[in-house]
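Working notes, beginning with the structure itself.
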Amino acid sequence: MGIFSYMFENIDQIMRLLLEHIQLTAIAVGLAIIVGLPLGILISYVKPLNKPVMGATNLIQAVPSMALLGFAIPLLGIGTLPSVIVVFLYSLLPIVKNTYIGISQISPGTIEAARGIGLTRQQILWKVQLPLTLPMLMAGVRISAVTAVGLMTIAAFIGAGGLGFLVFSGISSVNNGMILAGAIPACILALAIDWVLSQVESLVTPVSLQPELLKTRSTLTAKRRRQKWSVGIVVALLVFMFGQNVYANLVKDPNTIRIGSKQFTEQLVLGNMLGEMIEKNTNIKVESHLGAGGTQVLFSAMEKGDLDAYIDYTGTAYVDILKHDPISDEQEVYDTTKEELAKKYDVALLAAAPFSNTYTLAVDPAVAQAYNLHTMSDLSQVASSLKAGTTLEFLNRQDGLRGVQNEYGFTFKDAKGIDGATRYVALSSGDVQVVDAFSTDGLLKKYNLTVLADDKGFFPPYYGVPLVRQETIEEHPELQDVINRMMATLDTDTMRELNYQVDVEHKSPKEVAHNYLVAKGLVK
Amino acid sequence: MIEIKNVKKRYGKKEVLHDISLNIPDGEIVSLIGGSGCGKSTLLKMINRLIPITGGDIYVNGENIHDMEPVALRRKIGYVIQQTGLFPHMTIRKNLELVMDLHKMPQEGRTEKINEMMDLVDLSRDLLNRYPIELSGGQQQRVGVARALIVDPDVILMDEPFSAIDPITRVSLQDELRSLQETLKKTIVFVTHDMDEAIKISDRICLMREGHVEQYDTPEQILRNPATEYVECFIGKNRIWNSPEFIKAEDIMIDATNIAYPSDSLFRCMKKIKDIPQDFLIIVDRGTRRFRGLVNARMIREQISLQGPVSEIMAQPKKLAHVGDSLLDVVETIQTLHRPYMIVLDDSERLAGVITQSSLITTLGSQYVDDAEVI
C-alpha cells in the first residue's frame, strides 16, 4: 500500500516531473528529427557519406548510456543540457537509418517517372520521396521516442530531472514507493507515446499503402478520423504544455522570486521550507523549481537571472563554484566564499545554518559499543580488523577514504565501493562495519548508527547556507531577515530528523517542512 | 519531328550506342525494338535527357535538346512507363493534377479537362478518387497515357508501357493506342521487346542490336525484306503469318498458263482448253497482257459456230483481285465466289497471275513446313 500512498500524497510532484519528462523527451526527439531527417536524406543522395554517418550513429548507439552520460559531464556539465544532448544522440540512429531505408526502398520506376514528367529534384523530394518515406520515418521516430523516455529516466543521474529523479531518489533513500512513483509513470508514458506515435504512423501512411484499403474503404475512413482526433488532442496538449512554460518564462512578475533546490531529500525539505517561509512572512510570491539540478545547474541559472535563491553548502560553494582546494577552517571558508561570490557573481551569501552536511563515518552501534568508538581517532586501534563499505566517490576521492586514513593513521582491513543505500544493508547484514555517510542523512537515524566525530577536523565544513542574487536582496531587503531566522533553527540533529521523516517515514518534503515551521512558530 | 544525329553513349570505356542517326517524322509511332541491352531504352531516355548524351545531337521539333533546360524539356514531352510510373500515394485525380500543376494550368477548367482525359482513355470518372493500387494493370496504364496526354504534348515517349500487362488487356490497349493516334497524330517513340506489338502499333520500326540500328523501316518492309540475317532471325522465320494482312495476293498467285487473245477463234480456244487442266481461258491483249475477260468450255460449247473470235462471247468475272490485296481479302472473296480460283491484276489492269485452290493450299501450308520458301 505504501506505493500508492506515496503516489497520492505526491501527485503534484509526480505530475510536475512527468511534464518535465515529456518536455525533455520531446525536445531531444524533436532535435533528433530535425537533425536526423536531413542527414538520412543526405546520405541517400550522397552515397559515399553513407558509411561514415551510419557508422558514427551506430557507434553512439553502442556506447553504454551511462558511459555517454559520464562523458557528457566534463564537456557539458550536468543538468538538462547534457541529458537532452545524450538522449538526442541516442535517438539519432533509428531516425537516420529509417529515413535512409525509406528513401532507398522507393521503386526506381516511381522516381524515374517523376523525373520523366519533369519534376525538379526538390519537387521529387517533397512530393514523392518524403510522403513515401513518412511511414518508415515515423516508425523510426517511434523507436526513438520510446527509447528516449527510458533513457531520460537514467539521465536523472546527471541531474536532468524528470521521472528518473524519483527513481534515483528512491534508490538512494531505500524508498520503494518513490522508485515506483517514478518508474510506473515512466512506463505508462513510454506505452502512451508508443501508442500515439503508432497512430501517427498509420495516419501518415498513404491510404493506398494500407492493407485495409482493399477491404473496406468506409471503415478505413472512420478509423483515420478517430486517429486524427486522438493525435490532434495529444498535439494540442503538448502545445498547451509548452506554451504555458514559454509564457511563464516570458512573463516575469517583479514580485515573484524563483527558488531552486538540488534533488536529494534534505534539499527538497529546505526548498519547501524556504518557499513557505518567504510566502507566509512577506508579500513576495515564490516560484519553486525544486530538484532542478546540482550546484552547476542551479548556480548557472542564478548567474543568468533565471533563479533568485537556493540553499547550498559552504564547502560546495568554496570548492565547486569558486574552485579552491578544500580546507577545513570553517571561518575562512565562509569569509572567502562570501567575499568572492559578491565580487565575482553579485551573489549574496547569507548567514550559514548551524547544521553541517559533511562527510562522516558511521559504525554499527554494536561494534561501536564493543570497541567504545566515539571519534575517528578511536578507530586507529581497531581499524585493521574492520571492513569499510563506502560510496564509489568517497572511495576514490583524494579527500575521501584515503585522506581520512592518512590523517588519522589507520587502515581498514578491506574497503569496498558500494553505492547508494545498499551500504546500509551491507552494514546491517554484517558484511561491513563502517560506512561513509552525510551527517544529516536520515538513514543514519533509521539504522540507529553511531556517527564518529571528526575530532581532527579533517573534512571540510559543509554548512547549509542560502545564496541569493544581490539584485533580489536589494529589491526585497526583508528577505534576508526572514531567511536568516529560519536557517538559525536548523542544527545537524534537526536536519537528520527531518530527513528521517521523509526518507524513512515516507512523509512528503512539503509536509515535513510545513510541520517544522509551524512547530517552531516560524509561520502561523 | 525528332532528329537523332550521330548519337553516341559511353559508360566508362564501354560504348553502348554507336553513332546512331534516326529521323522520327511528325505524327508517327516509331518503335525501338531489340534484344535486352541493345540500347533501345537508353536511346529513348536520351530524348528527354533522363540519360545524358555522350556525343551527337538530338533535335526535338528543330530545337537542340542541349539548348534546353532538362526539366523544361521533359515537361514538353509526354512520358509513359510501366504502371510503377503512377505515384502510389496520390489518387488518380492527384496524379493527373500534378502534371497540370507543373504546367501551371489555371484552376478553372481542370475538372473538365480531367474528365475529358478519362473519357478519352475510356476510364470511368468514378476511378478519379481511387488510388493506383485499387486499379487493374490495364486501368493504371490508361491513366499513365492520360497523364502524358493531359498537357497535350507534341511528342510522347513510351518505355515498354504494356509489358507488365496480361496479354488480352495488352492487345486491347494496343488497339486503342492505335485508334487514339488516328485522331491525335502525336509523334510517339515506343520502346518494346515484343515484335508483335511493334508491328501492330508502329508506322516505323527501328530494330536495334548492340548499340546500332540494324534496320529502320515500315513494319511491312521489315517483315518482307529483312535487311540482315539478324533481323530475319529476330522477327522469326514465319513471323509474317502473325500478320496475314501483310501477305499479298501477289505472294500467293501463280503464273497463268491458260491465256488466249481476243482475236483467237473459238475453235482454237476449245482446243486449248482440252490441253490444260483448267476448263477456262483468260483473255488478255497480245503484248500488253491487259485483261479483257474470261471464257470457259461451257460457253464455247453453247455456240453454233466456232469460227468467230473469242472476244465476242467472253464474259467479265464477278470479282477480280489486285496484287496489293491481302490474303484475308482473297480468302474472303473466294468464299463468296464459291469458286476455287481468282484472277490477279496489277495496277495497270494487266494480268499478273492467278490464285487457285492448289496455290492457296501450297501457300497456307508452307507456314507449317520449315524449309519451304514462303514468299
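Line order of the protein sequences matches chains A and B. Just so it is clear: in the first sequence, position 63 is 445 by our numbering, and no numbers are missing. Just so it is clear: in the second sequence, position 70 is 93 by our numbering, and no numbers are missing. C-beta: ideal position from N, C-alpha, C; glycine also.
Taking beta-carbon pairs under 8 Å, can you tell me which members of the stretch 128–159 of chain B lie near chain A? Y154, P155, I156 and E157
Whole angstroms is fine: what's the gap from B:A279's alpha carbon to B:A375's? 8 Å
Per DSSP, which residues does A:T638 bridge with? Please list them. A:K667
For B:F269, does the count of other Cβ atoms within 10 angstroms reach 16, so buried, or fall short, so exposed? buried
Distance, B:N84 Cα to B:I188 Cα: 32 Å
For A:L516, which residues in the same chain have their Cβ closer than 6 Å to its Cβ, ignoring the five residues on either side in sequence? V586
Identify whether B:A375 lies in helix, strand or coil by the three-state DSSP scheme. strand
Between A:E494 and chain B, is any beta-carbon pair separated by less than 8 Å? yes
Between A:K892 and A:N654, is the Cβ-Cβ spacing less than 8 Å? yes
Can you give me, in chain order, the residues of the stretch 93–110 of chain B that have a beta carbon less than 7 Å from any beta carbon in chain A? V94, R97, R98, Y102, I104, Q105, T107, G108 and F110
For B:Y154, which of B:L180, B:H112 and B:I282 has the nearest alpha-carbon? B:H112
Output the distance between the C-alpha atoms of A:A770 and A:H888, rounded to the nearest integer angstrom. 28 Å
In the DSSP assignment, find the unbroken beta strand (DSSP E) run with B:Q238 in it and report its ends. H235 to D240
At what residues does the alpha helix (DSSP H) containing A:D717 begin and finish? E712 to E722
Of the residues B:S159, B:P93 and B:R165, the one placed nearest B:L119, counting alpha carbons only: B:R165
Chain-ordered chain B contacts of A:V510 [CB-CB under 7 Å]: F110
Cβ contact check for the stretch 845–856 of chain A and the stretch 749–769 of chain A: 3 or more pairs under 8 Å: no
When you compare only the Cα positions, how much space is there between A:L533 and A:R524? 14 Å
Could you name each continuous alpha helix (DSSP H) segment of 4 residues or more that falls completely within the stretch 287–338 of chain B, going from the start of the chain to the end? 289–298 and 320–324
Residues that DSSP places opposite B:T210 in a beta bridge: B:V178
In chain order, each beta strand (DSSP E) run of at least 3 residues that lies wholly inside the stretch 69–113 of chain B: 78–83 and 100–103
Would B:P285 pass as a contact of B:V354 if the rule is Cβ separation under 8 Å? no
Cutting at 8 Å between CB atoms, please list the residues of its own chain near A:L507, excluding the five before and the five after it. I423
Which term fits A:V428, buried or exposed, when burial requires 16 or more other beta carbons within 10 angstroms of its beta carbon? exposed
Beta-carbon separation of B:L304 and B:G331 under 8 Å? no
Go through the stretch 148–198 of chain B residue by residue and report every complete run of the alpha helix (DSSP H) that reaches 4 residues or more, in order. 160–172
Given that B:L73 touches chain A, what residues does it touch there, using C-beta distances under 9 Å? E494, R497 and G498
Alpha helix (DSSP H) runs wholly inside the stretch 460–518 of chain A, at least 4 long, in chain order: 462–486 and 490–498
Taking only three categories from DSSP, how would you classify A:A734? coil
Work out the CA separation of B:M218 and B:D394 for me, nearest whole Å. Since pLDDT at B:D394 reaches only 49, below the 50 mark, its modelled position is unreliable, and no value is offered.
CA-CA distance, B:I115 and B:N152? 6 Å
So what does DSSP say about A:Y700, is it helix, strand or coil? helix
B:E396 classed as buried or exposed, judged by whether at least 16 other C-beta atoms fall within 10 angstroms: The predicted position of B:E396 is uncertain, since its pLDDT is 46 and thus under 50; no value can be drawn from it.
Taking only beta-carbon atoms, is A:S890 less than 8 Å away from chain B? no
With 16 as the cutoff for other CB atoms within 10 Å, does A:I393 come out buried or exposed? exposed
Using beta-carbon positions only, say whether A:D710 and A:F840 come within less than 8 Å of one another. The displayed chain sequence assigns Ser, not Asp, to residue 710 of chain A. Cβ atoms of A:S710 and A:F840: closer than 8 Å.
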